[in-house]
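Using this note's numbering, the letters of the sequence shown correspond one by one to residues 3 to 141.
For reference, the structure discussed in these notes is given below.
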Amino acid sequence: GRKVGDGASHVVLEQVRHENRIFTSEEISEAIGCSRGYVISILRKLSKEGLVEVIRGVKGGFRLKKRPDAISLFDVIKIMEDTICINQCLNEEENCNLKATDYCPVRRFYLSLQEQIESELKHMTFEMLRKSGGADRIF
């Protein structure tokens, strides 16, 4: 199934495309092609973590709280997903059937790959994604 981090990334990107604008959950839902309930659950988590602010009242909705260059893909995925590890043996040492976490060459490779992935995700900001083009054609 679809990962929540994917949906959340599109929720943030939609708001980045129209910075400082207040969005309703319906507008975001329509723009990214997901149910309103799904979008609301994402917005609640993003709000709780300080990425999105809730604006109350008749003209209320949601708005990005941070600048797009201050939000990375890593930030959003980390908020939304239980884990971003590429293999469960990286989550906890108890997940290793062989109890070989200290010397397993496969785990060492996964760890190296995990570090590269996280580094790239931390480097990629939503401002960079917006500027890279195509975001206006997706939605």
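Backbone N, C-alpha and C fix where the C-beta goes; we use that ideal spot for every residue, glycine too.
- In the three-state DSSP reduction, Glu16 falls in the helix class (H, G or I).
- Between the C-alpha atoms of His125 and Gln118 there is a straight-line separation of about 11 Å.
- Cβ-Cβ separation between Phe64 and Ile73: approximately 14 Å, too far for a contact (criterion under 8 Å).
- Rounded to whole angstroms, the Cβ separation of Pro70 and Glu29 is 18 Å, and the two are not in contact under 8 Å.
- Going by C-alpha positions, Cys36 is about 19 Å away from Ile24.
- Only residues of its own chain outside the window of five on either side were considered, and among them Thr85, Cys87 have a CB closer than 7 Å to the CB of Asn93, listed in chain order.
- Spanning the alpha carbons of Ile44 and Lys50 requires a straight line of approximately 10 Å.
- Counting only residues of its own chain and dropping the five nearest sequence neighbours on each side, Glu120 has a CB closer than 8 Å to the CB of Phe76, Ile86.
- Setting aside the 5 residues that flank it on each side, His12 is surrounded in the same chain by Ile34, each with a C-beta closer than 6 Å to its C-beta; the list follows chain order.
- Among the bridge pairs identified by DSSP, Phe111 is matched with none.
- Between Phe111 and Val14 the beta-carbon gap is near 31 Å, outside 8 Å, which marks them as no contact.
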